[in-house]
Amino acid sequence: MAVPQQTSQRAEYERLCKEAVKEFRWRFDNQSPTVGVYAPGRVNLIGEHTDYNGGFVLPMALHLVTVILGRPSPSGSRNCRLITAASTGETGYHEFPVPQFPKDEPWEVETEGPFWATYLKGVVALMNRSGSIPPFDAIIATSVPLGGGLSSSAALEAATCRFIESERSTDMPRVRCGIMDQFVSLMGSEKNALFIDCRSHEVQQVPMKEPELVVLIANSNYRHSLGEGVDKEYEKRRQTCEAVAKKLGRDMLRDLTLEDLEGHWEGCSGASGVLPSRHVVTEIQRTSDAVRALTDGDYLKFGQLMTASHKSLRDDYEVSCGELDKLVNLALDGEGVLGSRMTGGGFGGCTVTLLKRSAMQSTIARIQESYESRNGEKATFYIATPCGGAGDIPQKLVVGKKGRGVTVDIGKKKKEMNEVDYIPEGIDSKTMIRIGNEEPFECKAEDLIEEKELGRGAYGSVYQMRHSKTDTIMAVKRIRATIDSNERRRLLMDLRVSMRCLDCPYTVTFFGALFKDGDVWICMELMDMSLHDLYKLVYEKLHLTIPEWGRWENGRSYVKPSNILINRAGQVKLCDFGIAGELVNSFCQTDIGCKPYLAPERINPMVLGAKYDQRSDVWSYGITLYELAVGQFPYPVWKNMFEQLKSVVDGEAPRVPANLSLSPEFTDYLHLCLTKDVETRPGFQELLNHAFIRMMEEEVREVKTWYADIVARNKQLPDL
1 MAVPQQTSQR
11 AEYERLCKEA
21 VKEFRWRFDN
31 QSPTVGVYAP
41 GRVNLIGEHT
51 DYNGGFVLPM
61 ALHLVTVILG
71 RPSPSGSRNC
81 RLITAASTGE
91 TGYHEFPVPQ
101 FPKDEPWEVE
111 TEGPFWATYL
121 KGVVALMNRS
131 GSIPPFDAII
141 ATSVPLGGGL
151 SSSAALEAAT
161 CRFIESERST
171 DMPRVRCGIM
181 DQFVSLMGSE
191 KNALFIDCRS
201 HEVQQVPMKE
211 PELVVLIANS
221 NYRHSLGEGV
231 DKEYEKRRQT
241 CEAVAKKLGR
251 DMLRDLTLED
261 LEGHWEGCSG
271 ASGVLPSRHV
281 VTEIQRTSDA
291 VRALTDGDYL
301 KFGQLMTASH
311 KSLRDDYEVS
321 CGELDKLVNL
331 ALDGEGVLGS
341 RMTGGGFGGC
351 TVTLLKRSAM
361 QSTIARIQES
371 YESRNGEKAT
381 FYIATPCGGA
391 GDIPQKLVVG
401 KKGRGVTVDI
411 GKKKKEMNEV
421 DYIPEGIDSK
431 TMIRIGNEEP
441 FECKAEDLIE
451 EKELGRGAYG
461 SVYQMRHSKT
471 DTIMAVKRIR
481 ATIDSNERRR
491 LLMDLRVSMR
501 CLDCPYTVTF
511 FGALFKDGDV
521 WICMELMDMS
531 LHDLYKLVYE
541 KLHLTIPEWG
551 RWENGRSYVK
561 PSNILINRAG
571 QVKLCDFGIA
581 GELVNSFCQT
591 DIGCKPYLAP
601 ERINPMVLGA
611 KYDQRSDVWS
621 YGITLYELAV
631 GQFPYPVWKN
641 MFEQLKSVVD
651 GEAPRVPANL
661 SLSPEFTDYL
671 HLCLTKDVET
681 RPGFQELLNH
691 AFIRMMEEEV
701 REVKTWYADI
711 VARNKQLPDL
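For the sequence shown, UniProt numbering puts the final residue at 720, and the numbers step up evenly by one.
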């Protein structure tokens, strides 16, 4: 069982910066950020749901951090533009005007957009009341688990405060909370936990100095979201606490003792607050006792208080859940564990455990063997050491390094590609387009008028657009700004192949590419329809034209009917190119592809390890030929991945139905493509020498007339 490695804040923000700088350049016209900050998450050792009751808390800042990199928006821009890196698990793009409210007047932040943007907008709005904040472009990356009870939202708020160089505040989340999370994220102290009086804001540093003890965080991977549903339960408990304090004539529960509550038990019941109030009052006392025990070196007592805190949160405050209870019980069911409890708001998230260093490996192994969340997830672990608060990232990390440029020819025009970052440096908000032998013309994103949507895919949508100044009609593939780094790499390899294959008659002609609001627009030749759409309406044996693809050696396509296009000129072309054939050895060893068309060795890598070559694409090609020849997909509809695994990997290879009259040459050709053993499956060069290909080369197929006849006879076809 692998033990989690202890790491530092610097290592975390350096790692996140490498990803975020690349992403920032990609989204914002290849410009580098100029400002970078980080703010840590936190773990609360004890003192849960006491901060908004004026009580005590004992948190410490973590090595896990949220990073914001950014720069002022371009001149003339009125909006802030935000993106999240893939590390957040919530990739997205959001644009909004800088919120501004009169000072000392009520205000409410617009919550439209992704949930993470609301926290940032709240901070900006609050800080903009006392001064003018210009619009900015920024990217957010984080290693703090979202919804894990380690204050990912507070880390974002603290990082935002640091980013715009102003004071912190606690009014920005949609859920009302106390000061603890933002406080410790900004003011964390290396090697010390912080004992915070949440009423007076007095802080005492409490050293965490015992080298033989470890603070272990276990993430249940059952995620809460205080901003989506659970906040109602959270707010209800806060209101209960306020009602009980008011009922007993106090400002906060901090001013009550357990004896006060017991003396007015009936009154508390009337306010529906017996058990929640008891938790708060006893938790405040436990936290005070825990600090005393920690200061005295009585770690056994400290651990006992942690465990008592969990029981109170579970039974009185009722914010635990089955996953958290199981993690605590499994941790305590072994030698060397002093105490364990849930941490954070509850309803999921993390536990924190104090244990001997010698017991850490066995404790993790015990939990991993027996724990699984309701959604089938295992726990993940972090070793927590007290770290400092929010800070600035060194400028050399913020600016980053640009990779070595590679020139790619596009006729007389050249584009710059970046080998390290895969950033197309020559692409901006406009491009030069040449169609056939016509004179090239400048094309800007704002000059393209959307006429209709042609289709949607995993990375964006394709539209029919008209260039307003020349009336040129083209297909524009708009790749959304939310794709992660792997998807982006695939897109740019697609772009590179397109630029290199302008003279190939079997590929859709690439006109140019440009940026628009962080998205990439790829302008292409407009074809009439895909074979997938055509065969949904009309069944004909168009498979005779498909083997022409085997002559194209510069690249590889996602071989499926929806990526084979046809037009009224009788041209059959490929689109959605993947990785160039010349890069097979280095890039084709990935798991890119549409799962219904994946070869057996792609679904079950144990066959050939994690690698594959273009023979896997021969299988996809064979599945496509089968569809076009037989008129249906060769496998039944799968309900899940396991059914696919069983039918493709363990089942028989598809075979042409006996009652279907197809030439023996084609049948043999198809069956060779669908050879299950990749070692004996032929490659494309071998297939070009097959008898079926030689036979087809001797015949003339007039696809133009055939297609025109279908259009004329079939009224179901769209207006072409």
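All residues carry an ideal CB built from backbone N, CA and C; glycine is no exception.
Comparing alpha-carbon positions, which option in V35, G41, E525 and V98 lies nearest V572? E525
How far does the beta strand (DSSP E) with M208 in it extend, from its first residue to its last? First-last for M208: undefined, no H or E at that position.
In terms of residue numbering, what span does the beta strand (DSSP E) encompassing G334 cover? G334 -> no beta strand (DSSP E), and no H or E assigned at all.
Leaving out five residues on either side along the sequence, give the residues of the same chain with a beta carbon under 6 Å from the beta carbon of E228. Since pLDDT at E228 reaches only 49, below the 50 mark, its modelled position is unreliable, and the value read off the structure follows with that caveat. None.
Taking Cβ positions only, does C241 come closer than 8 Å to chain C? Here chain C cannot be found, since the structure has a single protein chain.
How close, in whole Å, do the beta carbons of F217 and A384 come, if the pair is a contact with beta carbons under 8 Å? As written in the sequence, residue 217 is Ile, which differs from the Phe given in the question. At roughly 5 Å, the Cβ-Cβ gap stays under 8 Å, so I217 and A384 are in contact.
Three-state secondary structure (DSSP) at V244? helix
Sorry if obvious, but does the Cβ on Y13 come closer than 7 Å to a heavy atom of the ligand ADP? Here there are no bound small molecules, and the ligand ADP is not part of this structure.
Would you mind stating whether R341 and V184 have Cβ atoms separated by less than 8 Å? no
Mapping the DSSP letters down to three states, classify R71 as helix, strand or coil. strand
Does T84 come out as helix, strand or coil in the three-state DSSP assignment? strand
Go through the stretch 634 to 680 residue by residue and report every complete run of the alpha helix (DSSP H) that reaches 4 residues or more, in order. 641 to 644 and 664 to 673
Using three-state DSSP, classify H279 as helix, strand or coil. helix
At what residues does the beta strand (DSSP E) containing Y382 begin and finish? T380 to A384
Classify Q9 as buried or exposed, calling it buried when 16 or more other Cβ atoms lie within 10 Å of its own Cβ. buried
Is it true that the stretch 137 to 151 meets the stretch 23 to 42, where meeting means three or more beta-carbon pairs spaced less than 8 Å apart? yes
Skipping 5 residues on each side, what residues in its chain have a beta carbon closer than 8 Å to that of G322? R374
Cβ contact check for the stretch 350 to 358 and the stretch 325 to 338: 3 or more pairs under 8 Å: yes
Can you tell me where the beta strand (DSSP E) holding E95 begins and where it ends? G92 to P97
Quick one, which of G92, L64 and W26 has its alpha-carbon nearest Y38's? L64
Assign S153 to buried or exposed, taking buried as 16 or more other Cβ atoms, counted over all protein chains shown, within 10 Å of its Cβ. buried
Go ahead and pull the three-state DSSP assignment for P135. coil
Is it true that the stretch 275 to 293 meets the stretch 45 to 62, where meeting means three or more beta-carbon pairs spaced less than 8 Å apart? yes
Reduced DSSP category for Y463 - H, G, I as helix; E, B as strand; rest coil: strand
What separation, rounded to the nearest whole angstrom, lies between the Cα atoms of M306 and E283? 10 Å
Count the other CB atoms within 10 Å of the CB of N192; is the residue buried (16 or more) or exposed (fewer)? buried
When burial is assigned at 16 or more other CB atoms within 10 Å of the CB, is T624 buried or exposed? buried
Going by DSSP, name the residue or residues bridged to R341. V352
For L397, which three-state DSSP category applies? helix
7 Å Cβ shell around residue 724 - same chain, five flanking residues per side excluded: The requested residue 724 is not part of the displayed model; the chain covers only 1 to 720.
Just to confirm, is the Cβ distance from I393 to G70 under 8 Å? no
Can you give me the C-alpha to C-alpha distance between D315 and Y234, rounded to a whole angstrom? 15 Å
Please classify A218: does DSSP put it in a helix, a strand, or coil? strand
Compute the beta-carbon to beta-carbon distance between L674 and P682, rounded to the nearest angstrom, for a pair I have assumed lies under 8 Å. That pair is no contact at about 11 Å.
Neighbourhood of V399 by C-beta, 7 Å cutoff - its chain only, sequence neighbours within 5 removed: S32
Closest to K209 by CA distance: which of D298, M127 and E679 is it? D298
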